[in-house]
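Novice:
Residue numbers (my numbering): 8 to 250.
Right under this line is the structure:
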């Protein structure tokens, strides 16, 4: 074989190897960003998530986990309204991400303001279910992507049901049923408007806040939430119980 032909065969083999590496990398990316997330989201549309990423972190920290899954029919309607009034007023109308609020939060951060303030219930569901609590632009990007998938593949009722059952309401206290019993000694279906508002208020910081605090931030914000519920009107329609 001539030197010229050997060189040609060498470069041809090298190109084939490069293509193989690129095909392998593309397959990994498709699996990580499309197949696995979509598969899990479709699975959790009908099956209660047995464990979430946040629960795993709490177990690693040595905490126990208290959780009892309950369907929406076993959750007091007051909880639905209070959580939307406190966490995500436009839950029923956005597509998983409130882009207007997100742009305002980003502009505020660029101008030197505080971070946060634009996380929807769907985004929180995505974070609690599959991601991690520490803030970063990588996590936020994944959160936006997964939240958009969840909104496309789940009805609003399912998003809210999963959220209420996996949200953390105290150290190791996950889900509205465990939260109701931990804070007020009642089942989720028996929570009053006052108790529901107090539970909604502690969602952003359930480790340090307690729903039964008689004064201070929790009491003030719970009163604000109860007033806001009366102002939301049709914005609560997607979570109203079907009669």
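All residues carry an ideal CB built from backbone N, CA and C; glycine is no exception.
(1) Quick one: residues in its chain with C-beta nearer than 6 angstroms to the C-beta of residue 167, no 5 flanking neighbours on either side, listed in chain order?
(2) Below 8 angstroms, how does it come out for the region 210 to 221 and the region 232 to 243: are there three or more Cβ pairs, yes or no?
(3) Across the region 149 to 166 and the region 41 to 55, are there enough close Cβ pairs to call them in contact, namely three or more that are closer than 8 angstroms?
(4) Determine whether the beta carbon atoms of residue 154 and residue 103 lie at a separation below 7 angstroms.
(5) Classify residue 4 as buried or exposed, calling it buried when 16 or more other Cβ atoms lie within 10 Å of its own Cβ.
(6) Return the chain-ordered ranges of every alpha helix (DSSP H) run that is complete within the region 65 to 103 and spans a minimum of 4 residues.
(7) Thinking C-alpha only, which one of 164, 159, 91, 114 is nearest residue 249?
(8) Helix, strand or coil for residue 148, going by three-state DSSP, please let me know.
(9) Sort 195, 126, 237, 234 by Cα distance to residue 110 and report the nearest one.
(10) What did DSSP end up calling residue 139 once you bin it into helix, strand or coil?
(11) Sorted by chain position, which residues of the same chain lie with C-beta nearer than 8 angstroms to residue 216's C-beta, five sequence neighbours on each side aside?
(12) Name the DSSP beta bridge partners of residue 175, please?
(13) May I ask you to report which of helix, strand or coil DSSP gives residue 168?
(14) Between the alpha carbons of residue 205 and residue 230, how many angstroms are there, rounded?
(15) Are residue 74 and residue 178 closer than 7 angstroms when you measure CB to CB?
(16) Grab me the residues of residue 35's own chain with a C-beta within less than 7 angstroms of its C-beta, minus the 5 sequence neighbours each way, in chain order.
(17) Could you have a look at residue 161 and say whether DSSP puts it in helix, strand or coil?
Specialist: Taking the definition as stated:
(1) Sequence index remark: in the chain shown, residue 167 carries index 160 (1-based). 246.
(2) no
(3) yes
(4) Here residue 154 refers to the residue found at position 147 when the chain shown is read from its first residue. Here residue 103 refers to the residue found at position 96 when the chain shown is read from its first residue. Yes, the pair counts as a contact, with Cβ atoms nearer than the cut-off.
(5) There is no way to answer for residue 4, as the model of the chain reaches only from 8 to 250.
(6) Runs of alpha helix (DSSP H) with 4 or more residues, each lying fully within the region 65 to 103, are found at 84 to 94, listed in chain order.
(7) Residue 249 sits at position 242 when you count from the first residue of the chain shown. Among 164, 159, 91, 114, the Cα nearest to that of residue 249 belongs to 164.
(8) By 1-based counting over the chain shown, the position of residue 148 is 141. Residue state, collapsed to three classes: helix.
(9) Position 103 of the chain shown holds residue 110. The shortest C-alpha separation from residue 110 is found at 126.
(10) Here residue 139 refers to the residue found at position 132 when the chain shown is read from its first residue. The answer is coil: DSSP assigns residue 139 none of H, G, I, E or B.
(11) Your numbering for residue 216 matches position 209 in the chain shown. Once the five neighbours on either side are set aside, the close Cβ partners of residue 216 are 208, 209, 224, 225.
(12) For the purposes of this step, residue 175 is taken as residue 168 along the chain shown, with counting starting at 1. For residue 175, which the question treats as bridged, DSSP gives the partners 181.
(13) One-based indexing of the chain shown puts residue 168 at position 161. Looking at residue 168 - three-state DSSP - the assignment turns out to be helix.
(14) As a working mapping, residue 205 is identified with position 198 in the chain shown. As a working mapping, residue 230 is identified with position 223 in the chain shown. Answer to the nearest angstrom: the Cα atoms are 9 angstroms apart.
(15) Walking along the chain shown from the start, residue 74 turns up at place 67. Walking along the chain shown from the start, residue 178 turns up at place 171. Contact flag unset, no.
(16) Here residue 35 refers to the residue found at position 28 when the chain shown is read from its first residue. Because residue 35 carries a pLDDT of 47, less than 50, the predicted location of this residue cannot be relied on, and no value is offered for it.
(17) For this step, residue 161 is matched to residue 154 along the chain shown. In this structure, residue 161 counts as coil in the three-state DSSP scheme.
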